[in-house]
Each structure stands twice: as C-alpha cells, then as structure tokens.
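Trainee: Take UniProt numbering: the last position of the sequence shown gets the number 228, and nothing is skipped along the way. We put the CB at the ideal spot given by N, CA and C, even for glycine.
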Amino acid sequence: MFLNSDYLHLSSSSHHAVGRCSHPGCGSVGEGGQWSLLGLVEEVDGAPSGLSQLANVAYLLIAVGAVLLLIGFLGCCGAVKESRCMLLTFFSIVLILFLVEVAGAVVLFVFDGLAEDLLGQLEGEVKQSIKKQYGWTEGFTSLWNATMEEFTCCGYKNYTDFEGSPFFNEQGMDVYPQTCCNQTTVGVCNTIEAERSNVDGCLQRLLQLIEENAVIIAAVILGIAALE
Numbered sequence: 001m002f003l004n005s006d007y008l009h010l011s012s013s014s015h016h017a018v019g020r021c022s023h024p025g026c027g028s029v030g031e032g033g034q035w036s037l038l039g040l041v042e043e044v045d046g047a048p049s050g051l052s053q054l055a056n057v058a059y060l061l062i063a064v065g066a067v068l069l070l071i072g073f074l075g076c077c078g079a080v081k082e083s084r085c086m087l088l089t090f091f092s093i094v095l096i097l098f099l100v101e102v103a104g105a106v107v108l109f110v111f112d113g114l115a116e117d118l119l120g121q122l123e124g125e126v127k128q129s130i131k132k133q134y135g136w137t138e139g140f141t142s143l144w145n146a147t148m149e150e151f152t153c154c155g156y157k158n159y160t161d162f163e164g165s166p167f168f169n170e171q172g173m174d175v176y177p178q179t180c181c182n183q184t185t186v187g188v189c190n191t192i193e194a195e196r197s198n199v200d201g202c203l204q205r206l207l208q209l210i211e212e213n214a215v216i217i218a219a220v221i222l223g224i225a226a227l228e
C-alpha cells in the first residue's frame with residue numbers, strides 16, 4: 001500500500017521545506033509538513049484521483065521556479081547580445097510560466113475546502129488499513145510512527161483508529177502508540193491517558209497546516225507572478 005519510491009521521503013526527514021532557490025521567481029512552499037501527510041494518505045487504496053493532483057501543486061511550483069532560474073540566463077544573454085529572437089523566446093516562456101503560476105495560486109486558494117472533502121472521503125479506508133497493517137507490516141508501521149511523531153498527531157482521526165490492529169491486540173487490548181498520549185505521560189499509553197491527552201488526529205493536523213499556509217503561499221505566488 002505505502003511501499004513505493006514516491007513516499008519514501010515523506011516521513012520525518014521531510015523537515016520543514018519542500019523546496020527553495022535563490023531566484024526571486026522560485027516556487028517556494030514554506031513548511032512541507034502538509035505535503036508529507038498528503039503523500040502518506042494518497043497511497044491508500046481507493047484514494048480520490050484529485051488528491052494526488054492537489055499534492056502535485058507544490059512540486060509544480062518548485063519546477064516553475066527552477067525553470068525560471070534557467071530562463072533568466074536566456075534573458076540576460078538576449079539582452080547582452082541584443083538578440084531579438086532570444087528575447088522573444090524569453091518573454092514567451094515567462095508568459096507561459098506566469099499563467100501556470102496563476103493557475104497554481106487559484107488551486108491553492110480553493111485547496112482548503114477541496115482538501116477537506118477529499119480527505120474526509122478517505123476516513124474509512126485509512127482506518128481499515130491501520131486495523132489491518134499497523135503492528136504487522138514493518139514499513140507501514142514505521143511510516144505512521146515517524147509521521148505521528150513529526151507532526152504530533154495520533155491515527156487518522158484519533159487514538160481509537162488503532163483498536164483491533166495487530167499492535168493493539170498484541171499489546172493487551174488497551175495500549176496505544178505512545179504518540180497518542182502527552183509527553184508527560186508516565187508508563188504505557190492506555191485508554192484513560194489517551195482520552196485525557198486528546199491528541200489531534202493526523203487528518204485534523206493536516207487540515208490545520210493547509211489552512212495556515214495555503215492562502216499565504218497563494219498570495220506570494222501571485223505577487224511573484226505580478227513582478228514577472
């Protein structure tokens with residue numbers, strides 16, 4: 001389910017940036033946490049096709065920034081050599097990239113509500129995958145552990161997602177992953193401690209990250225596009 005090359009970098013090593021470059025037109029995507037969690041979810045069986053398209057917006061903007069960096073040299077060479085052909089090519093490509101950036105910004109403005117709908121559709125499938133594989137499949141378990149630790153979240157919705165999983169059954173029917181309890185919790189994370197800790201599910205954490213960053217990123221993109 002999760003084992004392919006596209007998500008191997010989507011664990012705790014993602015840190016806080018999807019990409020940066022020095023060129024002012026570079027597509028920078030602030031904190032990369034939301035994209036990491038999206039990558040974790042989009043591999044679930046039955047995931048809506050629109051989810052992967054939304055996740056690709058970040059990479060599209062990074063690609064646009066990288067291309068602009070190269071195109072900048074074309075513009076400089078055209079100006080130095082006074083080559084009309086090179087300058088026309090430069091302005092044509094910049095115009096195309098401008099349209100791409102505007103399209104990406106529009107997607108980000110509507111991303112919040114759209115992402116909530118798409119991710120909400122996955123709740124049943126994600127919970128089922130946790131019940132089947134958490135504590136049984138090593139790669140699946142490690143990826144969830146890294147994600148929950150990195151983003152301080154528990155399960156997809158909450159700690160009850162782990163009930164009935166191989167991990168839950170093996171540990172004695174009342175033990176949850178330690179990330180489902182506060183760091184101050186002493187001993188195992190049981191039902192009482194998990195209920196008291198009330199750690200957000202990873203779905204809620206993902207939606208918070210999207211809400212906090214999407215509008216800001218879209219505004220920055222439009223500002224850069226205007227400068228172009």
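Leaving out the 5 sequence neighbours to the left and right, which residues in its chain are closer than 6 Å to L87 when beta-carbon positions are compared?
Mentor: G78
Trainee: Which residues in the same chain have their Cβ closer than 8 Å to the Cβ of E163, if we skip the five residues on either side of it in sequence?
Mentor: K131
Trainee: Could you check if Q133 is buried or exposed, using at least 16 other CB atoms within 10 Å of its CB as the buried criterion?
Mentor: buried
Trainee: Could you spell out the range, first to last residue, of the alpha helix (DSSP H) harbouring M148?
Mentor: Looking at the DSSP string, the run of the alpha helix (DSSP H) that includes M148 is 138 to 151.
Trainee: Determine the closest residue to F168 out of C189, I71, T185, with distance taken between C-alpha atoms.
Mentor: With distances taken between Cα atoms, F168 lies closest to C189.
Trainee: Counting along the chain, where does the alpha helix (DSSP H) carrying T185 start and finish?
Mentor: Taken as a continuous stretch (DSSP letters only), T185 belongs to no alpha helix (DSSP H), as it is neither H nor E.
Trainee: Would you say D200 and N158 are within 9 Å of each other, going by their C-beta atoms?
Mentor: Against a cut-off of 9 Å, the Cβ pair of N158 and D200 comes out as a contact.
Trainee: What residues match up with Y59 in a beta bridge as DSSP calls it?
Mentor: Per DSSP, none; premise fails for Y59.
Trainee: Can you name, in chain order, every residue of its own chain whose Cβ lies under 7 Å from the Cβ of E193, other than the five neighbours on each side?
Mentor: Cβ neighbours of E193 beyond the five flanking positions: C181, T185.
Trainee: Measure the Cβ-Cβ separation of E123 and Y176 and say whether it is below 9 Å.
Mentor: no
Trainee: I need the straight-line Cα distance from S83 to L99, nearest angstrom please.
Mentor: 25 Å
Trainee: Which value, in whole angstroms, describes the spacing of the CA atoms of F73 and F90?
Mentor: 9 Å
Trainee: Would you call the CB atoms of L69 and L206 closer than 9 Å?
Mentor: no
Trainee: Would you list the one or two residues that DSSP bridges to Y176?
Mentor: C189
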